[in-house]
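K.L.:
2 protein chains.
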Amino acid sequence: MPGYRVPLDDIRFVLDDVLDIQTHYSRFEAGSAADSDTVAAILEEGAKFVERELVPINQTGDAEGCEWRQGGEVITPAGFKEAYTQYVESGWPSLSHPEEWGGQGLPSSLGMTLSEMSGTANWAWSMYPGLSHGATHTIETHGSDEQKTTYLNKLVSGEWTGTMCLTEPHCGTDLGLLRTRAEPAEDGSYTLTGNKIFISAGEHDMAENIVHIVLARLPDAPEGVKGISLFIVPKFMPDANGGVGERNGVTCGSIEHKMGIHGNATAALNFDGAVGYLIGPANEGLKCMFTFMNFARIGTALQGVAHAEWAFQNALEYARERLQMRSLTGTKAPDKAADPIIVHPDVRRMLLTQKAIAEGGRAFIYFLAIQADLVEHATDEAVREEADQVLGFLTPIAKAFLTEAGFEAANHGVQVFGGHGYVREWGMEQNVRDARIAMLYEGTTGIQALDLLGRKILLDKGVSFKAFRKTVAAFCREHRGVKAAAPFLRTLRWMMLEWAYLTFRVGLSARKNKDAVGAASVEYLMYSGYLTLAFFWAQSAVAAARKLEAGEGDADFLNAKLDTAAFYFDRVLPRTRGLKAAVLNGPDTLMAMTADHFGR
Amino acid sequence: MPGYRVPLDDIRFVLDDVLDIQTHYSRFEAGSAADSDTVAAILEEGAKFVERELVPINQTGDAEGCEWRQGGEVITPAGFKEAYTQYVESGWPSLSHPEEWGGQGLPSSLGMTLSEMSGTANWAWSMYPGLSHGATHTIETHGSDEQKTTYLNKLVSGEWTGTMCLTEPHCGTDLGLLRTRAEPAEDGSYTLTGNKIFISAGEHDMAENIVHIVLARLPDAPEGVKGISLFIVPKFMPDANGGVGERNGVTCGSIEHKMGIHGNATAALNFDGAVGYLIGPANEGLKCMFTFMNFARIGTALQGVAHAEWAFQNALEYARERLQMRSLTGTKAPDKAADPIIVHPDVRRMLLTQKAIAEGGRAFIYFLAIQADLVEHATDEAVREEADQVLGFLTPIAKAFLTEAGFEAANHGVQVFGGHGYVREWGMEQNVRDARIAMLYEGTTGIQALDLLGRKILLDKGVSFKAFRKTVAAFCREHRGVKAAAPFLRTLRWMMLEWAYLTFRVGLSARKNKDAVGAASVEYLMYSGYLTLAFFWAQSAVAAARKLEAGEGDADFLNAKLDTAAFYFDRVLPRTRGLKAAVLNGPDTLMAMTADHFGR
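Residue numbers (the working numbering), protein chains in the order written: chain L, 1 to 600; chain F, 601 to 1200.
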């Protein structure tokens, strides 16, 4: 049976040594509550919770899946509800929400460590609380006082969960096409009619109420994306005492049968005259949504790290135990019938690739979470704006690149297990199936790539891009004396120039042909991703080297960091050579064929 | 619901225009039966059969899977048995087997087109007849006259099916570790005891008998791979009249629950004193197996093409119909709510990548099948040997590269469908799950890579490699006048030099460190694969250009070939830049970390 132990050592290394989180926390009020002891306690208790409660129901949850019952009830897999009850009783949902609504007021970045643990232990389960975050943030940011009073305590405590209802059968990416209608009622509420699909955690038996945030059109709304408004549609109408009253007119018509994340109910919801409440200004729903889109996308980027970590831990254990063939450089385990497969170079290549993605990705995600803290809490407007810029620039890279890389790592997990990887029992194939969704939802890889290159770089005239390059340059300058990291910094420096050159070339080409952006976008994003991950590996290497120089910490752990960084720069980063060449070759051969000729 | 239409136009183009199959068939006796009319009739009838009988049970077969029943019976999904009965009644199994045993005596390469069609229509189903080929070839090649008389008619007619029983719980790649024992009995037969796992088509209800070819050890056998012998172990003992008699002591203990190919029973077989018959010389079982290993591996390489074609056809249809967003270069479908997604450059990139893999892969596979014909039938020993050399050299490339590329193409299929691709209904996620096995069985990608670089290149001192380079060089020379293909030939020529240089560098590095081979192997193989596929795209481009020059054929079809070739050289082949860089960076960073430090 597959397993997962929370890599507390690495989480601590990233938080403390790479990102100096205590200095960060000392700079804003919510942070000051997250002192070193609090962080340690949360990490340890969180690890206990996910290892005991969530790991054991990951594989069974996949095998059982969710069950839809006539009338629209959804039954989650055995143990899901019980684990959720424990999660709520232990106060985990409220960790990083404001004290005003019953939260613990700790920074979001600390919540991210918990999301990582629970997501790695059981992604399908962790999507239920995950989706609540989105709904909660929406109401925190855009809700009226009454709406806050009615919903936030329940959402923050986890007694109620939330969803985001965007997609309809004919529109996913292109929300401008959406048709769900909201007619004003006499009491100031709205009556919603329409069909939503692909609603994660859209119906379940884990909480007493579900608060849907729904995108819909008012009768007089302009066409397209400028005519979309946001509505709160509770499954049960809240009563005056903070409990639940009558059932609202939103029902689950079916749940999808999917490749993976079987434990999470992906619901088709029918709104048949459901009562809804406008949240935020009319016709500005999409804009309101985007205020926390970055945060939601980091949450999905995290999925890449989660599946990479799961794949790595299990593949590593298997590679140490499975005996098969002898090392080509001579027998390594003479007392055994064959050598453990970890002696074989290609098995090591797969394991190191997984390790590089999981650990480098972790640093990347936590760094973004720190920026999100600053956007939320920084009192200095310049600091806040800079963090917002960095976050906006790096989020599409993180979301697309880390989910693609996480899928690769999950596939290496299967490959290390050989034929056994293809069999359900070992859990490696589930990990691949679960990982596959991450490149699709919250904006596909293609959409992230357009967001990066089209909006965040070209439309922005390179301002954020330049700021990020400055950050990297400053880092390289600051640590140029760290000998063990010098080759990494050197590569990083020249590749930052190459990245700028590549961007310049695409921008030039886009002036003549707008399709040049789309044609370059995914390979450009992947190039950016490999390079950004290299930046985080350089940071990890510097942190490890400095500790080794100072004679601090676990030397084996720190040397493994340097070795993994070296592997990454040597054997993974060169993939940028192919990506660069493809980008520079431009859009012509992509656009030449007429649509009719594809099938010829 | 997903669908599949046999791409007869492309199959004909590859056979007739790229590979000039009729000239090939005119050169040996079995070939002479495959005249143009026969080929046409078989392709058309084959297409009808797979489209009518196999396509409709592909998705239902996945949903139902196989059922194991107490006592060891296995029930295949609804319709599988009926389709098999029709297949047998139509005489398809006997197509390329010798007339002596009731076969039609047609060339194996023609059988490969049928395998492609049935495999694309329904890979899980097509594995049942597919496995029979292996067993049949073994008995044809190594069986005694009595064994041939007893088994071949039944196998060739398809009344009985066959399996290959290699893997055991503790050994897959490393067959030297196998433990199944064969004790001689007084009547000249053997008594087999042991457990085999992962036996594809190992038990089912589709045929009256199953003939297992089993790898086992004689009591006095030397240790390791030199002590393995081959045995025929029938499920039911054949009786004197060519029917089936008593049940033999081989039973199916369970079937695996797998990621995909649910319609194919992957059996755990228990041999409890089963009666077996030695086939081929004692202790030379592995050598005997390898005589048709190339053929089996081409059959798996084909799986990459199958899943790429399936993904391409369905994604293309979806991309033409799904409306989402407007083209960045201006509205393309003003009468519709949005443009069909095929206007978006990144969707085109995915579709063209699929097309390049499916069609280029088809040419690659058929070329190998032609070499296999020559190995089987050529009367000129020099011709036979050359074909054997080419086949041996290219097979690991085809097996590993095409299955990896096919998996990528299958994943693009999901991606083009967006969230809908993740839902079972559309069939795209099944295609990914089914495709995933191909990189594992018949030797993993890593094993193929070692076979290519270690055995087929370095041990062979580059003889086959050089011969293949000469073939490519001769092709480039012969067609240097074809203007439309000139840029492809130019790229091909210099990359063949680069490939030789890369090989030289790895060879040099391997002299100092044997791990250099394993460390370079997979990236080296993928480099070789991209380049070999480029060779087949160059051939297709030349064939298309020549027909266009001559004013023959369907100009749209031929121009689409040239456009796809251009896309492949421009946007896919550059991936070799990254692979080259990784290979040249050598094994050091891969081997530096001690096994203990991986988990630190």
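Glycine residues also receive a C-beta, built at the ideal position from the N, C-alpha and C atoms.
1) From Ala274/L, Pro234/L, Leu114/L and Met117/L, pick the residue whose C-alpha is nearest to that of Glu627/L; which is it?
2) So is Arg1033/F buried or exposed if we call it buried at 16+ other beta carbons inside 10 Å?
3) Note down, in chain order, every chain L residue with its Cβ under 7 Å from the Cβ of Asn1159/F.
4) Locate the alpha helix (DSSP H) running through Thr85/L, then write down its first and last residues.
5) Compare the C-beta of Gln303/L with all C-beta atoms of chain F and state if any pair is closer than 8 Å.
6) Determine the closest residue to His377/L out of Gly61/L, Met1/L and Leu106/L, with distance taken between C-alpha atoms.
7) Just tell me which of Ile228/L, Asn209/L, Glu89/L and His257/L has its CA closest to the CA of Gly245/L.
8) Taking the beta carbon of Asn848/F as the centre, do at least 16 other beta carbons fall within 10 Å, making it buried, or is it exposed?
9) Could you pull out every residue in the same chain whose Cβ sits closer than 7 Å to the Cβ of Ile1047/F, ignoring the five residues on either side in sequence?
10) Just the chain F side, please: which residues come within less than 9 Å of Asn314/L by C-beta, in chain order?
11) Whole beta strand (DSSP E) runs in the stretch 816-893 of chain F with 3 or more residues, listed along the chain?
12) Taking contact to mean 3 or more Cβ pairs, one atom from each stretch, closer than 8 Å, check whether the stretch 289-298 of chain L and the stretch 331-346 of chain L are in contact.
13) Strictly below 7 Å CB to CB, what residues from chain F border Lys547/L?
14) Ser189/L by DSSP, collapsed to three states: which one?
15) Nearest chain L C-beta to Met717/F closer than 8 Å, yes or no?
16) Provide the residue(s) that pair with Cys476/L in DSSP beta bridges, ordered along the chain.
17) Go to Arg322/L, then tell me how far its beta strand (DSSP E) extends in each direction, as first and last residue.
18) Do you know offhand how far Arg1069/F's Cα is from Phe465/L's?
19) Return the CA-CA distance between Leu114/L and Asp20/L, expressed in angstroms with no decimal places.
20) Which stretch, first to last residue, makes up the alpha helix (DSSP H) that contains Glu376/L?
21) At what residues does the alpha helix (DSSP H) containing Gly446/L begin and finish?
22) Can you pull the chain L residues whose beta carbon is under 8 Å from the beta carbon of Leu1040/F, in chain order?
23) For a cutoff of 8 Å on Cβ pairs, would you count Asn585/L as touching chain F?
24) Could you work out which residue in Gly1186/F, Met717/F and Ala807/F is closest to Asp1115/F when comparing CA atoms only?
25) Around the Cβ of Phe598/L, are there at least 16 other Cβ atoms within 10 angstroms (buried) or fewer (exposed)?
26) Of all the CB atoms in chain F, is at least one closer than 8 Å to the CB of Cys252/L?
27) Determine the burial state of Phe231/L: buried for a count of at least 16 other Cβ atoms within 10 Å of its Cβ, exposed for fewer.
28) Can you have a look at Glu644/F and say buried or exposed, based on whether 16 or more other CB atoms are within 10 angstroms of its CB?
29) Tell me whether Glu203/L sits in a helix, a strand or coil according to DSSP, three-state version.
30) Tell me where the beta strand (DSSP E) around Glu73/L begins and ends.
31) Are Ala510/L and Met591/L close, meaning C-beta to C-beta below 8 Å?
32) Near Gln147/L, which residues of its chain fall below 8 Å by C-beta distance, leaving aside the five closest residues on each side in sequence?
33) Check whether the Cβ atoms of His412/L and Ala315/L sit closer than 8 Å, and answer yes or no.
34) Just mark Arg69/L as buried or exposed, buried being the case when its beta carbon has 16 or more other beta carbons within 10 Å.
35) State the DSSP-derived secondary structure class of Gly194/L, mapped to helix, strand or coil.
36) To the nearest angstrom, report how far apart Ala124/L and Glu223/L are at their CA atoms.
P.N.:
Short version:
1) Because chain L in this structure spans residues 1 to 600, residue 627/L falls outside the shown range and cannot be described.
2) Classification of Arg1033/F: buried, given that the 10 Å Cβ count is 16 or more.
3) The contacting residues are His597.
4) Where Thr85/L is concerned, the enclosing alpha helix (DSSP H) starts and stops at Phe80 to Glu89.
5) Taking CB atoms only, Gln303/L has no neighbour in chain F less than 8 Å away.
6) Considering only alpha carbons, the answer is Leu106/L.
7) The closest CA to that of Gly245/L, considering only Ile228/L, Asn209/L, Glu89/L and His257/L, is found on Asn209/L.
8) Residue burial is scored here from C-beta neighbours: Asn848/F has at least 16 other C-beta atoms within 10 angstroms and is therefore classed as buried.
9) Counting only Cβ-Cβ distances below 7 Å, and skipping sequence neighbours, we find Thr773.
10) For Asn314/L, no chain F residue has a C-beta closer than 9 Å to its own C-beta; the minimum C-beta separation is roughly 11 Å.
11) Taking only runs of at least 3 residues, the beta strand (DSSP E) segments lying wholly in the stretch 816-893 of chain F are 829-834, 836-838, 844-847, 850-855 and 866-879.
12) Judged by Cβ distances under 8 Å, the stretch 289-298 of chain L makes no contact with the stretch 331-346 of chain L, as fewer than three pairs qualify.
13) Here the premise fails: no neighbours, minimum Cβ distance about 13 Å.
14) Annotated three-state conformation of Ser189/L is coil, per DSSP.
15) No, its Cβ sits nowhere closer than 8 Å to a Cβ of chain L.
16) BP columns for Cys476/L are empty, so no partner.
17) That residue, Arg322/L, is in no beta strand (DSSP E); it is neither H nor E in DSSP.
18) For Arg1069/F and Phe465/L, the distance between alpha carbons rounds to 45 Å.
19) CA-CA distance, Leu114/L to Asp20/L, rounds to 18 Å.
20) Per DSSP, Glu376/L belongs to the alpha helix (DSSP H) from Pro345 to His377.
21) Unbroken alpha helix (DSSP H) run through Gly446/L: Thr445 to Leu450.
22) Near Leu1040/F (Cβ distances below 8 Å), the residues of chain L are Val414, Gln415, Gly418, Gly419, Gly421 and Tyr422.
23) Taking Cβ atoms only, chain F reaches closer than 8 Å to Asn585/L, which makes this a yes.
24) Shortest Cα-Cα distance from Asp1115/F to any of Gly1186/F, Met717/F and Ala807/F involves Gly1186/F.
25) It counts as buried.
26) Chain F, which has no Cβ nearer than 8 Å to the Cβ of Cys252/L, makes this no.
27) With 16 or more Cβ atoms within 10 Å of its Cβ, Phe231/L is classed as buried.
28) The residue in question, Glu644/F, is exposed, as its Cβ has fewer than 16 Cβ neighbours within 10 Å.
29) Coil, per DSSP.
30) Element bounds for Glu73/L: Glu73 to Ile75.
31) No. Outside cutoff.
32) Short of 8 Å from the beta carbon of Gln147/L, and not among the five residues preceding or following it, lie these beta carbons of its own chain, in chain order: Ile139, Ile232, Tyr277 and Ile279.
33) Note that the C-beta distance between His412/L and Ala315/L is below 8 Å.
34) The residue is exposed, with fewer than 16 neighbouring Cβ atoms inside 10 Å.
35) Strand, per DSSP.
36) Cα-Cα distance, rounded: 36 Å.
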